[in-house]
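Written out below as structure tokens is the structure these notes cover.
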Amino acid sequence: MGVVKLNNITEKQKQEAENQIRELRKEIEYNTRDYTIDFLIQKFREEEFYIPDEYQRQYIWKLDDKNRFIESIILGLPIPFMFFSDTEDGRCEIIDGAQRTQAMEEFMSDDLILSGLKKLTTLEGFSYSNIPQYYRKKFDKTSMRIIVLSDETSLDIRQEIFNRINTTGRAATPSEIRRGSYSGAFIDYLMECTKNPLFIELCPISETMRKRYEELELVLRFFAFLNNYKNFDHRVDNFLDEYVENNKDQFDSDGMKNEFENMLMFVKKYFPNGFAKSAKAKSTPRVRFEAISVGVALALRENPNLVPKSMDWLDSDEFKKHTTTHASNSPARVTGRIEFVRDELLKDREDASNI
Numbered sequence: 009m010g011v012v013k014l015n016n017i018t019e020k021q022k023q024e025a026e027n028q029i030r031e032l033r034k035e036i037e038y039n040t041r042d043y044t045i046d047f048l049i050q051k052f053r054e055e056e057f058y059i060p061d062e063y064q065r066q067y068i069w070k071l072d073d074k075n076r077f078i079e080s081i082i083l084g085l086p087i088p089f090m091f092f093s094d095t096e097d098g099r100c101e102i103i104d105g106a107q108r109t110q111a112m113e114e115f116m117s118d119d120l121i122l123s124g125l126k127k128l129t130t131l132e133g134f135s136y137s138n139i140p141q142y143y144r145k146k147f148d149k150t151s152m153r154i155i156v157l158s159d160e161t162s163l164d165i166r167q168e169i170f171n172r173i174n175t176t177g178r179a180a181t182p183s184e185i186r187r188g189s190y191s192g193a194f195i196d197y198l199m200e201c202t203k204n205p206l207f208i209e210l211c212p213i214s215e216t217m218r219k220r221y222e223e224l225e226l227v228l229r230f231f232a233f234l235n236n237y238k239n240f241d242h243r244v245d246n247f248l249d250e251y252v253e254n255n256k257d258q259f260d261s262d263g264m265k266n267e268f269e270n271m272l273m274f275v276k277k278y279f280p281n282g283f284a285k286s287a288k289a290k291s292t293p294r295v296r297f298e299a300i301s302v303g304v305a306l307a308l309r310e311n312p313n314l315v316p317k318s319m320d321w322l323d324s325d326e327f328k329k330h331t332t333t334h335a336s337n338s339p340a341r342v343t344g345r346i347e348f349v350r351d352e353l354l355k356d357r358e359d360a361s362n363i
């Protein structure tokens, strides 16, 4: 790595920078307040705490997002800070936290029925009013920590804060979250599979995606779809989480290894570009990986000594249609692409033991 040359910054430039920092810092004054949920929601309903129209998003959280957030509160998990701003009329503007506030208000109005909870499964179908009284009160009195900007903070600064909160950094990928949430023997086993030299050779992954555990995502998809694709119902993350949850304590490592390695050897032998679209590809589309890896493994389950008569279908319009990203996670598309590869490989099949 070369030596970095320092710029020749003049004393005048340094003074101008110091003045600018000082002036802009003056525009951002804040204090920290703790509001209980019942107080926060009461003030929100009274429009003392409000969501500004100038730059806030609409209420876009999906049902899973709302349920996960409410479950976190009931479990007593720490909730990230929210950002409000005092205004000249004495009210508080919600800069960051609108989605959370609206989810809590919806729940406390009995308009949100809990479903699909990961931990508190016994609360399935419960509304706020159904929660046992003790824990309902615990929910009400849970404190939310709010960073409140001074009413002298300009609209430009408030918008800048909202923008930075919602664009700075990158959200953790499902694989990153899963690796932290389900650490143990099963995840360790899957990580070992990602180090298989043949997998690395056949499945190009960019360095950026490798750092975000894309290889773990692909290996997990292989095993989950291979063993349960007919029960897939559209939400890939939930499907994969459930598969990990069901296998984290007990799994057939030898059997899984055998199927994984046999699939890889078959792909190496009969698929010129491995899982990639071309010989020079630097990435592997997930839908293409799923179709080939699971389709091959299913075909080998039917005929371990399979020798395909033809691989011309790899260049067909039908295969391209099956492995495009449009509607790629609908149950019909998942089943369609996997079974297309399986059926093409088994078509007019030959048995290697007879050759």
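In this note's numbering, the protein residues as written are 9 to 363.
Ideal placement from N, C-alpha and C gives every residue a C-beta, glycine not left out.
Item	Value
Indicate the three-state DSSP secondary structure (helix, strand or coil) for ILE208 in the structure shown.	helix
Going by the beta-carbon positions, is the gap between LEU131 and GLU79 smaller than 9 Å?	yes
Runs of 3 residues minimum, wholly inside the stretch 74-125: which ones carry the beta strand (DSSP E) assignment?	90-94, 100-104
Residues bridged to THR44 by DSSP?	SER151
Could you tell me the boundaries of the alpha helix (DSSP H) in which ALA288 lies?	The residue asked about is misnamed: residue 288 is Lys in this sequence, not Ala. It is not in any alpha helix (DSSP H) - LYS288 carries neither H nor E in the DSSP assignment.
Cα-Cα, which of MET90, VAL304, GLY192, THR331 is closest to GLU267?	VAL304
Determine, for ASP118, whether the minimum Cβ-Cβ distance to residues of chain D falls below 9 Å.	Among the chains in the structure shown there is no chain D, since it carries only a single protein chain.
Assign ASN246 to one of three DSSP states: helix, strand, or coil.	helix
Run through DSSP, which three-state label would TYR221 get?	coil
Do VAL252 and ILE195 have their beta-carbon atoms positioned less than 9 Å apart in this structure?	yes
How should LEU71 be labelled, buried or exposed, when 16 other C-beta atoms within 10 angstroms of its C-beta is the threshold for buried?	exposed
Quick test of the definition: if touching needs 3 or more C-beta pairs under 8 Å, does the stretch 90-107 touch the stretch 135-148?	no
Exposed or buried, which one is PRO316 when buried takes at least 16 other CB atoms within 10 Å?	buried
Is DSSP giving PHE57 helix, strand or coil here?	strand
Under the assumption that PRO295 contacts THR331 (Cβ atoms under 8 Å), give the Cβ distance between them as a whole number of angstroms.	Inspection of the sequence shows that residue 295 is occupied by Val rather than by Pro. Right, the Cβ-Cβ distance comes to about 5 Å (below 8 Å), so this counts as a contact.
In the DSSP assignment, what residue or residues form a beta bridge with TYR251?	Its beta-bridge partners do not exist; DSSP assigns none.
On a CA-only basis, which of MET112, GLY105, ILE139 is nearest ILE154? Give me that one, please.	GLY105
For the putative contact between VAL349 and ILE300, defined by C-beta atoms under 8 Å, what is the C-beta separation to the nearest angstrom?	6 Å
Could you please give the first and the last residue of the uninterrupted alpha helix (DSSP H) stretch that includes ASN270?	261-278
In three-state DSSP terms, what is LEU131?	helix
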